[in-house]
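Asker: Sharing a structure here in structure tokens format.
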Amino acid sequence: MRTHRIGSWGPALVATIAALTFATSGAASAEPAAPTSGDLMAIAAADSPEAVAIAEDLLHFAGPSTGSFSPATNVPQPFPQAAPTFGGGCGGGITPVAMTRAWVHPGPTAVPEVPVGEVKVYAAPTIPVLPAHSDLKFAWLNVDTNIGGLETLDDVIGDVPQLSKTVKSGTGRIVGTLYGSLSYVNGITCALTPTMGGFFA
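So the sequence shown is residues -30 to -1, 1 to 171, counted in mature numbering (1 follows the signal peptide of the UniProt record, and there is no 0).
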């Protein structure tokens, strides 16, 4: 299984994650606590070893808040690089290689309805065939709030996977990575290697 390594955590980031985790575990609240960057690792650990490696990279990619992202108006924000995608026929015909485009669209939007503080994550199929099953994952971290999570792009309309998911990200600067697999009704299965990006919600 291929993993996408960027680097190791820095000591300051590890200390920040630990502090957030202990603060969350020791606080009582009438409302369920939102997952923190520490919880992101626990969520990833429950998913797969690949998810753990990706979550580590995501936290390292986020780094300390530097103000390097520019606020964007309510427009689709694409991942800077398409995700390399592998599998027989994923590029059309017998071509085994393709590039999967993906983007994030922050609310508010009317169709589909996405409120402020949430984002809609989309991926595009690489062949003109209906998807049969999506196991595409979006791991994310709001670097302004240190809230993060791991979501599956499992929206469906009429039992047809839409390759999308609404995420309660909160407003602020978001770093995210997309990876996973996707199968089509003709039996083709495609595996996406991780691609990362920065977004503004």
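Cβ atoms here follow ideal geometry from the backbone N, Cα and C, with glycine treated the same way.
Note that the structure is predicted; figures quoted are calculated from it, not measured.
(1) Taking Leu152 as part of the beta strand (DSSP E), name the residues at either end of that continuous run.
(2) Rounded to a whole number of angstroms, what is the C-alpha to C-alpha distance between Trp110 and Asp129?
(3) Which residues in the same chain have their Cβ closer than 6 Å to the Cβ of Arg71, if we skip the five residues on either side of it in sequence?
(4) With respect to 7 Å, is the separation between the Cβ of Gly61 and the closest non-hydrogen atom of the ligand FAD below this value?
(5) Measure from the alpha carbon of Thr55 to the alpha carbon of each residue in Ala171, Leu162, Ile117, Gly157, then state which is nearest.
(6) On the DSSP letters alone, give me the boundaries of the beta strand (DSSP E) that Ile64 sits inside.
(7) Can you tell me which of Gly119, Asp124, Ile97 puts its alpha carbon nearest to the alpha carbon of Ala14?
(8) To the nearest angstrom, how far is the alpha carbon of Val86 from that of Phe170?
(9) How many Å lie between Val81 and Leu100 at the Cα?
(10) Under a three-way DSSP split, which group does Asp129 fall into?
(11) Which residues in the same chain as Gly142 place their Cβ atom closer than 8 Å to its Cβ, once the five residues preceding and following it in sequence are excluded?
Answerer: Result, derived from the coordinates:
(1) 143 to 154
(2) 26 Å
(3) Ala52, Ala94
(4) This structure lacks the ligand FAD; in fact it carries no ligand of any kind.
(5) Leu162
(6) First-last for Ile64: undefined, no H or E at that position.
(7) Gly119
(8) 12 Å
(9) 22 Å
(10) coil
(11) Asn112, Val113, Asp114, Thr115, Phe170, Ala171
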